[in-house]
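As given, the protein sequences belong to chains V and Z, one line each in that order. Heads up: the first sequence begins at 29 in my numbering, then just goes up one per residue. Heads up: the second sequence begins at 29 in my numbering, then just goes up one per residue. Think of the CB as a built atom: it goes at the ideal place given N, C-alpha and C, for glycine as much as any other residue. Each remark here refers to the structure printed beneath this line.
2 protein chains.
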Amino acid sequence: MAARNKVLPLADLFPNGVFEANCPSRVVLDHVTSKWGVLVLVALDGRTLRWSELRRTVEGVSEKMLAQTLRTLEADGFVLRDAHPVIPPHVEYSLTPTGRELVDLLLPLFRWIVEQAPSIIG
Amino acid sequence: MAARNKVLPLADLFPNGVFEANCPSRVVLDHVTSKWGVLVLVALDGRTLRWSELRRTVEGVSEKMLAQTLRTLEADGFVLRDAHPVIPPHVEYSLTPTGRELVDLLLPLFRWIVEQAPSIIG
DNA sequence: CAGAATCCTATACGATACTG
DNA sequence: CAGTATCGTATAGGATTCTG
Chain V
29 MAARNKVLPL ADLFPNGVFE ANCPSRVVLD HVTSKWGVLV LVALDGRTLR WSELRRTVEG
89 VSEKMLAQTL RTLEADGFVL RDAHPVIPPH VEYSLTPTGR ELVDLLLPLF RWIVEQAPSI
149 IG
Chain Z
29 MAARNKVLPL ADLFPNGVFE ANCPSRVVLD HVTSKWGVLV LVALDGRTLR WSELRRTVEG
89 VSEKMLAQTL RTLEADGFVL RDAHPVIPPH VEYSLTPTGR ELVDLLLPLF RWIVEQAPSI
149 IG
């Protein structure tokens with residue numbers, strides 16, 4: 029008796045697992061949902077941006093936080109840092125294949141929030 | 029020449045808009061991606077939970093943060109608080125229709141992160 | 001049981017200045 | 001240009017206590 033292909037509640041699929049304090053997913057979740065994580069990732073959707081472009085695109089991000097966010101996302105394998113050894117420096121950021129998978133899941137969420145936000149915040 | 033139904037990069041659909049510092053979406057995004065926001069929302073997927081169940085389910089959340097997170101999510105219209113006026117108190121939390129929409133978008137992301145996390149953190 | 005109130009601390013975050 | 005280093009603060013967040 030094969031189970032139906034019904035989508036089960038997450039709680040049933042991962043009894044206790046994903047809500048455990050030391051579940052590895054919490055670390056990645058924290059990185060992605062960090063203050064600037066989603067914005068930086070979405071900003072890189074479908075394009076390559078230089079440091080300064082990224083800084084200007086994601087309004088309000090400080091240099092420190094942009095650097096920190098990019099380092100984390102690069103270490104997680106979501107963002108590719110491509111530094112050209114020229115003077116003045118030229119560094120390009122883009123999504124890795126894994127990063128693209130992630131952003132593909134992030135975009136519907138982000139679009140929905142953008143659409144709903146005005147009526148929620150008013 | 030009607031444009032193709034191609035999914036355009038977000039940056040093209042919302043030139044500058046969504047990355048503006050005062051875009052309303054930032055507020056909602058902050059609420060959802062707050063430290064415990066995603067976890068609480070996902071915990072309520074497909075079920076109703078009492079305060080204490082929620083507290084035990086989402087391991088590590090303090091009473092203060094659970095209360096704060098629930099209040100925010102309720103104010104945003106994602107979570108329904110149903111208080112039964114009995115002694116001792118009995119309060120149930122569940123998703124509103126809007127909350128269910130949100131969680132439907134959150135779940136694929138969360139599942140993906142749960143699956144990828146071990147190899148990323150490892 | 002379901003929180004609110006209080007207190008306290010870590011650290012996330014920003015502003016500024018500096019550098020290869 | 002693309003960052004790093006330093007410093008200072010706000011506030012997010014936790015532990016504890018209290019209460020209807």
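### Delimiting residues of the beta strand (DSSP E) encompassing L108 (chain Z)
V107 to H112
### Query
Whose C-beta lies closer than 6 Å to the C-beta of L101 (chain Z) among residues of the same chain, with five residues either side of it excluded?
V107
### Query
Going along chain V in order, which residues have a C-beta closer than 8 Å to the C-beta of S53 (chain Z)?
F138, I141, V142 and A145
### Task
From the DSSP output, read off the bridge partner residues of S122 (chain V).
V:L108
### Query
Are the C-beta of D110 (chain Z) and some C-beta of chain V separated by less than 8 Å?
no
#### Entry: Test: L101 (chain V) CB closer than 8 Å to a CB of chain Z
no
### Query
Is there at least one non-hydrogen atom of the ligand ZN closer than 7 Å to the beta-carbon of K92 (chain V)?
Because no ligand of any kind appears in the structure shown, any question about the ligand ZN cannot be addressed here.
### Query
Does A95 (chain V) get closer than 8 Å to chain Z when you measure Cβ to Cβ?
no
#### Entry: Rounded straight-line distance, which links the Cα of P116 (chain Z) to that of S90 (chain V)
49 Å
### Task
Could you tell me if D104 (chain V) is buried or exposed, where buried requires 16 or more neighbouring beta carbons within 10 angstroms of its beta carbon?
buried
### Query
If we call anything under 8 Å between Cβ atoms a contact, is V70 (chain Z) one with L98 (chain Z)?
no
### Message
Taking 8 Å as the cut-off, does the segment 131 to 144 of chain Z touch the segment 82 to 96 of chain Z (at least 3 CB pairs, one atom from each stretch)?
### Response
no
### Task
Taking only beta carbons into account, state which residues of the segment 120 to 136 of chain Z come closer than 8 Å to chain V, listed in chain order.
T126, E129, L130, L133, L134, L135 and P136
### Residue environment, T61 (chain V), which counts as buried when at least 16 other CB atoms sit within 10 Å
buried
#### Entry: Euclidean distance between Cα positions of P113 (chain V) and Y121 (chain V)
15 Å
#### Entry: chain Z within 8 Å of E48 (chain V), Cβ atoms only
yes
### Query
Taking DSSP as the reference, what is the three-state secondary structure of L77 (chain V)?
strand
### Message
So, under 8 Å CB-CB, V119 (chain Z) and R78 (chain Z) are touching, yes? Tell me the CB distance rounded to an integer number of Å.
### Response
6 Å
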